[in-house]
Amino acid sequence: MACRPESDVEKDFPILSTVFEDGRRLVYLDSAATTQKPKSVIERITHFYESENANVSRGAHKLGAIATSEYAKARETVARFIGAKPEELIFTSGTTESINAIAYGWGEENVHPSDEIVVLVSEHHSNFIPWQQLARKCGADFKIVDVKPDGTVDLDVFRKAVTSRTKIVAFAHVTNTFGVIHPVREMIEIARSKGAVTVIDGAQSIPHISTDVKEIGMDFLAFSGHKMLGPMGIGGLYISKRRVNEMRPFFTGGGMIDNVEDNFTVFAHPPEEYEAGTPNVAGAVGLATAIEYLEKLGMVCILDSDRTLLEYAYKKLDKIEGLTLYGTRDFEKRIGVLSFNIKGVHPHDVATILDAHGVAIRSGHHCAQPLMKHLGIFYTSRASFYVYNKKEDIDILVDAIKDVKERFS
Amino acid sequence: MACRPESDVEKDFPILSTVFEDGRRLVYLDSAATTQKPKSVIERITHFYESENANVSRGAHKLGAIATSEYAKARETVARFIGAKPEELIFTSGTTESINAIAYGWGEENVHPSDEIVVLVSEHHSNFIPWQQLARKCGADFKIVDVKPDGTVDLDVFRKAVTSRTKIVAFAHVTNTFGVIHPVREMIEIARSKGAVTVIDGAQSIPHISTDVKEIGMDFLAFSGHKMLGPMGIGGLYISKRRVNEMRPFFTGGGMIDNVEDNFTVFAHPPEEYEAGTPNVAGAVGLATAIEYLEKLGMVCILDSDRTLLEYAYKKLDKIEGLTLYGTRDFEKRIGVLSFNIKGVHPHDVATILDAHGVAIRSGHHCAQPLMKHLGIFYTSRASFYVYNKKEDIDILVDAIKDVKERFS
Amino acid sequence: MDPSELYAEVIIDHQKNPRNYGELENKDKEVKLTNSSCGDEIFLQVKFDGDRIQDIAFYGRGCAISTASASIMTELVKGISKEKAEELYEKFVEMARTGKAPSSELKDARVFQGVSKYPLRVKCATLAWHALEKVIE
Amino acid sequence: MDPSELYAEVIIDHQKNPRNYGELENKDKEVKLTNSSCGDEIFLQVKFDGDRIQDIAFYGRGCAISTASASIMTELVKGISKEKAEELYEKFVEMARTGKAPSSELKDARVFQGVSKYPLRVKCATLAWHALEKVIE
Ligand SMILES: Cc1ncc(COP(=O)(O)O)c(C=O)c1O
Ligand SMILES: Cc1ncc(COP(=O)(O)O)c(C=O)c1O
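Chains as they are written, first to last, in this note's numbering: chain A, 1 to 409; chain B, 1001 to 1409; chain C, 2001 to 2137; chain D, 3001 to 3137.
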């Protein structure tokens, strides 16, 4: 399949035509935090509110029927995108809620004192704190597996960490700090061989890497719509069939019951069982539209573009002295995330000066304090790429980095 | 203040110009389920995604600064609307999440065996099941207070039900089934006199009744954006200052920490402490825009219009034989919700035939099975009004109801 | 949409005077099905004569659509073989879901062809048929 | 926006050679403040002579903005009365938040007038001043 030229993709994103007061254009390199939205997604939301808006199910009117069927179609689209069945896909507000839902809904039911919960030191706080807190509450051991200085996992170290006492292994398929792709298949194989349940944080992987949950064999997968061109306030949680009976609904309320008696409630079947309250229908249909857009671009093209830009950036940045680039140099194990530090310059100053150049990056601990502490750094600056970025963006980034160096030299 | 003529308001809502294939126009009478959105709200969301979209806080770039400040402004608007301080207002995905957050975050920390949790039998499942489940988990008593056949509470019965063992009293300010307004001040006074914490389900009250949390004196208040002209996937949770220190964060993850160590986490201060993960910024600014729209209409005008339509409907419907109208006839204690049954006709048939007339109503148990069972009915049909409805809508509703009767006579 | 399309006279008639309503004196089997979207329920009882449905009856709580559909269904399948009933079941469900022109074998049950336009009511029309499928399986 | 507006030479200079950096030999009081949005911290030590700030020093971890601001602040308030320092504190915070033309009393600290255009960096510029307010209160 031929990939679309990068300059062509950019045009689909209204915000990317932003020009600031000083005449500089916006160079958006903060997609690992949140992505911009194509026209089609924005218009889909507008269309929903202008022509289809209603609460789902149980309503016997036409708008209700439309909203219900659009919501069902959205679930099919999102489920298909990750290789799941529709009833295995729960809509949540995002990765953080998805992971908490597993920690409460599966974790509290199944984790006992002296069990172990294993995470990587490189996890995002959203895939770290919920497990840390669950372990404390259940009296389980919370085991943090180190990663190598280049951000990759040492499979031998990981293998030793997972034991027959391990109940849950939770890790990100792709890290948000350095964009490192972990060997998810091998790691899940190791976890499963010890009987542990696997929770995959897909916040950074689902937007960039074609994923088939059945083939990979995970038990749970969490992801966010806003990191894959979709709206804010919507996300997904895949619960494999083999785990769904070991859970209890985490949120209770309207829309998830069969029958409510005074002292007990009979819950409905999944997915409804795990979606209490009025769902975010506009969010779900917006996310489905985002997925259709991604599929049209082609997930292979997206990862290709990531790597082309990353290699291009490395080539240019390698020539600049005093720059530390984080993460493995095996670009096959990377998505389009570039983490760096400039000697003697605080990352917050880097970000501010880049911003003055129109370049939007992020600096800080990236919600990954354990990794930062492990590596003995406090922060990094992070530029992250997505479908709408092009080589010219990298050129502007590199020039801006040079400007930072000059100012502080 | 002069109220805007009803026909004028309708024009602000694009979906209300819907005309079906058969030439009938949409008569939307299902606002208690979810409300339609004015142009200004839809446009605000579009504007956010086209010009302001970024993740909040920590970002040092211009878009991040805009998104952060718009999010903060939205919090101020929503907080002001209910008389709270910004730091007392947590954004959630809606009423259901808000109530669950209290049940887990406050309830699990403070409810002990032999404590009591008191609710009304008329509660929506979202304000019933979470307490039922909490009581089971904590070994507390779950006490359900009956209401009168007209849906109102008997204060003497309520007073007797609340004892010194009562830890939590949870009830809706306004019921979604019959639109009955409970005497919230008196009930809170009774609960507080026994030392109980009060949780108010404001899903139906906040959209219709000007509310000041300080004046009313509740501890917690939950509400949904989508029921007050705002987007789906956003809602509010008011946590009074005096309770915030008795809670622990319910969701953990990014954005709500001060410091993460291997085995413990120091959480940030409210409101951030209770908002883990990327917030729904587009939802929050959309909700703030909805509130600005409501304030321009005037909350007094909204409740006035509710009652005008309700009285008008009652006058017409009272003349039709075989109709049961639910709820007190003291219209001062009602919002624009009309629940009814037609003798010998199943409510689902009523809704379908009304739908064929273009009239969107809801029928079923309205997520209030305990009330339905208590009253010995299975379902009702429910027409619910909001700012965009007019007398002509009631005329069409009444004609459609007459048609139902004829068909089944 | 004209409500008369769905609420045809024959439906109103069956709703008011449901055929085969009540309990059998000596049933071989009974199933209960609930319509999860509204909580309505149907109890279906049959008496077999070898492979043939000798007698059939239903009772329960339901709307006009589900009551009339149950009534018409029992008329259709009383006296026929399980195999034939299974065939009708498949034809009915297909028609109710898609709105496609039904086989003439469905007789009066063809009145539900229009229900496909009311997606949330399809379950009402098919509930009794699903119960039938369960009771003969 | 021209980065030179915020990263003026005087700021870069103070960042590279912060004045009054380190610890006092005999401090009367020390406060530590953390910038919650990034985790950076400042330790501020003072030695009083009655109502006067006789000596002052700081150390910690921070960006150019916060380091330079701390450095300039210590130069400004060393030797003046608590009351006067409090006054400067209020003027500085007002200027940093609003971007309004500052009192000439702020001297070199006026270089932070432009920080109001970078709302997320205002905290960096004011951190040392907040520490000052705390240490003299
Ligand atoms: C009284 C009441 N409480 C709670 C809810 C639940 O609100 P949501 O579905 O927006 O979470 C509703 C609406 O369905 C309601 O009417
Ligand atoms: C790896 C990873 N996990 C989890 C999250 C949390 O996602 P969200 O904030 O959308 O809940 C993020 C993004 O911030 C992330 O990058």
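Glycine included, each C-beta is placed from N, C-alpha and C at the ideal position.
Verify the contact flag: residue i, CB atom, against every heavy atom of ligand 2, threshold strictly below 8 Å.
i, result
"S3066 of chain D", "no"
"K227 of chain A", "yes"
"I3056 of chain D", "no"
"I1045 of chain B", "no"
"D201 of chain A", "yes"
"I99 of chain A", "yes"
"Q204 of chain A", "yes"
Can you tell me which of the three DSSP states residue i falls into?
i, result
"A351 of chain A", "helix"
"R44 of chain A", "helix"
"F2043 of chain C", "strand"
"G236 of chain A", "strand"
"V3115 of chain D", "helix"
"Y3089 of chain D", "helix"
"R242 of chain A", "helix"
"G1364 of chain B", "strand"
"A1002 of chain B", "coil"
"T35 of chain A", "coil"
"D2002 of chain C", "coil"
Judging by CA-CA distance, which residue of the options is the nearest neighbour of residue i?
i, options, result
"R1004 of chain B", "B:L1303, B:R1407, B:P1347", "B:L1303"
"I1401 of chain B", "B:L1354, B:T1308, B:T1175, B:T1095", "B:L1354"
"E70 of chain A", "A:T92, A:I45, A:I82", "A:I45"
"E3025 of chain D", "D:E3041, D:K3047, D:E3105, D:S3103", "D:K3047"
"Y326 of chain A", "A:S384, A:L16, A:G83", "A:S384"
"R362 of chain A", "A:A2, A:T34, A:S17", "A:T34"
"I1206 of chain B", "B:F1223, B:V1398, B:I1188", "B:F1223"
"S57 of chain A", "C:S2037, C:A2008, C:E2005", "C:S2037"
"L3120 of chain D", "A:D219, A:Y386, A:G364", "A:G364"
"I1066 of chain B", "B:R1407, B:K1373, B:E1292, B:A1282", "B:A1282"
"E186 of chain A", "A:V387, A:C301, A:G217", "A:G217"
"E1037 of chain B", "B:Y1293, B:G1094, B:P1183, B:A1002", "Inspection of the sequence shows that residue 1037 of chain B is occupied by Lys rather than by Glu. The shortest C-alpha separation from K1037 of chain B is found at B:Y1293."
"F3043 of chain D", "D:D3028, D:D3055, D:D3049, D:Y3059", "D:Y3059"
"V3135 of chain D", "D:G3062, D:S3103, D:R3052, D:M3095", "D:R3052"
Taking Cβ positions, are residue i and residue j nearer each other than 9 Å?
i, j, result
"L1221 of chain B", "I1200 of chain B", "yes"
"S1031 of chain B", "G1358 of chain B", "no"
"I1117 of chain B", "F1142 of chain B", "yes"
"V244 of chain A", "I257 of chain A", "no"
"T1166 of chain B", "D1115 of chain B", "yes"
"T1308 of chain B", "N1341 of chain B", "no"
"A2068 of chain C", "V2010 of chain C", "yes"
"I1084 of chain B", "A1288 of chain B", "One detail in the question is off: residue 1084 of chain B reads as Ala in this sequence, not Ile. Taking 9 Å as the Cβ cut-off, A1084 of chain B and A1288 of chain B do not qualify as a contacting pair."
"Y3118 of chain D", "L3033 of chain D", "no"
"H182 of chain A", "A172 of chain A", "yes"
Any heavy atom of ligand 1 closer than 8 Å to the CB of residue i?
i, result
"E275 of chain A", "no"
"G1235 of chain B", "yes"
"Q3015 of chain D", "no"
"T2034 of chain C", "no"
"H1124 of chain B", "yes"
"N1127 of chain B", "yes"
"V1174 of chain B", "yes"
"G1286 of chain B", "no"
"A1032 of chain B", "yes"
"T265 of chain A", "no"
"T1035 of chain B", "no"
"C1301 of chain B", "no"
What are the uninterrupted segments assigned as alpha helix (DSSP H) that are 4 or more residues long and contained completely in the region 119–200 of chain A, given in chain order?
-> 129–138, 155–161, 184–193
Taking only runs that begin and end inside the region 2046–2086 of chain C, name each unbroken alpha helix (DSSP H) of 4 or more residues, in chain order.
-> 2064–2077
Could you pull out every unbroken alpha helix (DSSP H) segment of at least 4 residues lying fully inside the region 272–340 of chain A, listed in chain order?
-> 281–297, 299–317
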